[in-house]
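Please read the structure below before turning to the comments.
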Amino acid sequence: MHLYLHIPFCKQACHYCDFHFSTSLGQKSALVDALCTEIALQKSYLPNQPLETIYFGGGTPSLLTEAELAQIFSAIHTHFPVSPTAEITLEANPDDLTLAKLQMLRRYVNRLSIGIQTFDETTLRWMNRAHTATEAETCVGLARQAGFENMSVDLIYGIPNRDDQAWRLDLQKMLALNVPHLSAYALTIEPDTAFGRWQKKGKLPPADEEIAAGQFEELTSALTTAGYAHYEISNFARDGHYARHNTAYWQRRPYLGIGPSAHSYNGPSRQYNLANNARYIAAIKQGELAATLEELTVADQVNEYLLTGLRTQWGCSITELDTLLSGDFSAIQARDLDAMYKTGWLVRQNDTLLLTPAGKLFADRVAASLFVDA
Numbered sequence: 001m002h003l004y005l006h007i008p009f010c011k012q013a014c015h016y017c018d019f020h021f022s023t024s025l026g027q028k029s030a031l032v033d034a035l036c037t038e039i040a041l042q043k044s045y046l047p048n049q050p051l052e053t054i055y056f057g058g059g060t061p062s063l064l065t066e067a068e069l070a071q072i073f074s075a076i077h078t079h080f081p082v083s084p085t086a087e088i089t090l091e092a093n094p095d096d097l098t099l100a101k102l103q104m105l106r107r108y109v110n111r112l113s114i115g116i117q118t119f120d121e122t123t124l125r126w127m128n129r130a131h132t133a134t135e136a137e138t139c140v141g142l143a144r145q146a147g148f149e150n151m152s153v154d155l156i157y158g159i160p161n162r163d164d165q166a167w168r169l170d171l172q173k174m175l176a177l178n179v180p181h182l183s184a185y186a187l188t189i190e191p192d193t194a195f196g197r198w199q200k201k202g203k204l205p206p207a208d209e210e211i212a213a214g215q216f217e218e219l220t221s222a223l224t225t226a227g228y229a230h231y232e233i234s235n236f237a238r239d240g241h242y243a244r245h246n247t248a249y250w251q252r253r254p255y256l257g258i259g260p261s262a263h264s265y266n267g268p269s270r271q272y273n274l275a276n277n278a279r280y281i282a283a284i285k286q287g288e289l290a291a292t293l294e295e296l297t298v299a300d301q302v303n304e305y306l307l308t309g310l311r312t313q314w315g316c317s318i319t320e321l322d323t324l325l326s327g328d329f330s331a332i333q334a335r336d337l338d339a340m341y342k343t344g345w346l347v348r349q350n351d352t353l354l355l356t357p358a359g360k361l362f363a364d365r366v367a368a369s370l371f372v373d374a
């Protein structure tokens, strides 16, 4: 069982981000109270089994104070059993990570996901990140000093007007930190962001897919050479340090999302919380869940499995697809499967469908080509 908590506050808005957050911290205390109340309201959503992972995402969870973290964990332990070996992750920005803050966080969590994005000062300012290049390079050492060994860092590639050499330098600096996990994402320009508005006005060129693909290939080559397993399209781990929480998403395990905009999944249905802090708090105060329920059809479940499973090194099990469909997936999708095999983007190994290295550049396209109709 897995628990996600959305902390929807940031110091400032990054120009590329379209996640739900607020730069006004005035409601933070009320929001934490609401999170704790929702935990109580949702205590029956998951089967009564120990939580194997807890994940604080956002937003910027490293803005939480010790009192707020203690309050949230008290609510969690009151209503859910927690495995003694649970992975407990908190997303953090480098500018928040003083040694004192890290020592406090280590009392509550055992894994950090640090949003570095780039080590280049000019690009950090252009993206409106709150941290500096110096903080990006020093935060991992401070985290180790505070007792963190299980860490992940985030990087962004495919940034317009930035050459391949700058990306190589980011990779070199990341490898020098010797962290056990990396998440790397191609920059996506979303309409309702500063970058989206700039692009609409012609002030920002569209992403160059060819450059992004080349940088992705450099990324995979550099990290696999350095001993990292490329276990999901955007994620690399050394020595088995897979993100257990995110892996649960990709492998269709039940999880509960707490907080505004958080999602939950239990197999037959998915639940979406309202993405509005004030309305979320008001609903929870009334003892109501600020959520929309979606019952998943067989086609929904099959297609979600294809979309997430093919992104991983474990691929998709034909047997599981047959079970979900109550039919023969290989027969139903024979023509589309054959087309994907011929492109060289997909292979079948025994019971498993897997993307080839070339296919990883087209993961969503491959999955969509195999979707079944409702």
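In UniProt numbering, the protein residues as written are 1 to 374.
Heads up, the beta-carbon is just placed ideally off N, CA and C, and yes, glycines get one too.
All values derive from a computational prediction rather than experimental measurement.
How about residue i and residue j: are their beta carbons less than 8 Å apart?
| i | j | result |
| --- | --- | --- |
| Arg125 | Ile233 | no |
| His15 | Thr193 | yes |
| Asp322 | Ser369 | no |
| Ile258 | Leu105 | no |
| Gly344 | Thr356 | yes |
| Glu295 | Tyr305 | no |
| His181 | Ala237 | yes |
| Ser62 | Leu97 | yes |
| Asn277 | Pro8 | yes |
| Ile156 | Cys139 | no |
| Gly309 | Trp250 | yes |
| Ala213 | Leu361 | yes |
| Thr37 | Ile284 | yes |
| Leu256 | Val298 | no |
| Ala282 | His20 | no |
Consult DSSP for residue i and reduce its assignment to one of helix, strand or coil.
| i | result |
| --- | --- |
| Cys139 | helix |
| Asn235 | strand |
| Asn246 | helix |
| His372 | The question names His, but residue 372 is Val in the sequence shown. Residue state, collapsed to three classes: coil. |
| Cys36 | helix |
| Leu27 | The sequence shown places Gln at residue 27, not Leu. Of the three classes helix, strand and coil, the one that applies to Gln27 here is coil, per DSSP. |
| Gly227 | coil |
| residue 410 | Outside the displayed span of the chain (1 to 374) sits residue 410, for which this structure offers no information. |
| Gln117 | strand |
| Met340 | helix |
| Ala186 | strand |
| Ala146 | coil |
| Asn273 | strand |
| Glu218 | helix |
| Asp80 | According to the sequence shown, residue 80 is Phe rather than Asp. In the structure shown, Phe80 sits in coil (DSSP, three-state: anything other than H, G, I, E or B). |
| Asp154 | strand |
| Ala92 | strand |
| Thr312 | strand |
| Gln251 | coil |
Determine the closest residue to residue i out of the options, with distance taken between C-alpha atoms.
| i | options | result |
| --- | --- | --- |
| Tyr4 | Gln313, Thr89 and Pro81 | Thr89 |
| Met1 | Glu320, Ala30, Ala248 and Val366 | Ala248 |
| Thr23 | Gly59, Pro47 and Ile39 | Gly59 |
| Leu41 | Gly315, Phe80, Ala143 and Leu182 | Phe80 |
| Asp154 | Lys173, Arg162 and Gln165 | Lys173 |
| Asn110 | Asn276, His245 and Asp338 | His245 |
| Ser264 | Lys43, Lys11, Gln27 and Glu91 | Lys43 |
| Asp373 | Ser317, Phe329 and Ile318 | Phe329 |
| Thr220 | Gly196, Leu171 and Gln199 | Leu171 |
| Gln215 | Leu177, Trp198 and Arg168 | Arg168 |
| Pro84 | Glu91, Ala70 and Gln49 | Gln49 |
| Ala226 | Leu177, Gly359 and Leu346 | Leu177 |
| Ser152 | Ala133, Ala166 and Asn235 | Asn235 |
| Lys342 | Ile332, Gly327, Gly359 and Ala331 | Gly359 |
| Ala186 | Thr118, Lys11, Leu25 and Ala222 | Thr118 |
| Leu46 | Asp338, Met340, Pro268 and Pro254 | Pro254 |
| Ala92 | Val82, Lys11 and His20 | Lys11 |
| Val82 | Asp95, Glu52, Pro94 and Ala67 | Glu52 |
| Asp208 | Leu64, Ala262, Asp163 and Ile39 | Asp163 |
| Tyr280 | Arg107, Ser261 and Asn161 | Ser261 |
| Ala133 | Ala229, Glu218, Pro94 and Lys200 | Pro94 |
How close, in whole Å, do the beta carbons of residue i and residue j come, if the pair is a contact with beta carbons under 8 Å?
| i | j | result |
| --- | --- | --- |
| Ile54 | Ala86 | 6 Å |
| Gln349 | Tyr231 | Going by Cβ atoms, the distance from Gln349 to Tyr231 rounds to 16 Å, so no, they are not a contact pair. |
| Thr188 | Ile159 | Not quite, the Cβ-Cβ distance comes to about 11 Å (not below 8 Å), so this is no contact. |
| Leu142 | Leu175 | Their Cβ separation, rounded to whole angstroms, is 19 Å, which puts Leu142 and Leu175 out of contact at 8 Å. |
| Leu112 | Phe148 | 5 Å |
| Asn303 | Phe371 | 5 Å |
| Ala367 | Leu307 | 5 Å |
Please indicate yes or no: does the CB of residue i lie closer than 7 Å to some heavy atom of the ligand FAD?
| i | result |
| --- | --- |
| Thr60 | The ligand content of the structure shown is nil, which means the ligand FAD is not present either. |
inquiry  = With three or more C-beta pairs closer than 8 Å as the rule, is the stretch 119-133 touching the stretch 15-35?
reply    = yes
ask   = Pairing CB atoms from the stretch 283-295 with CB atoms from the stretch 59-76, are three or more of them under 8 Å?
value = no
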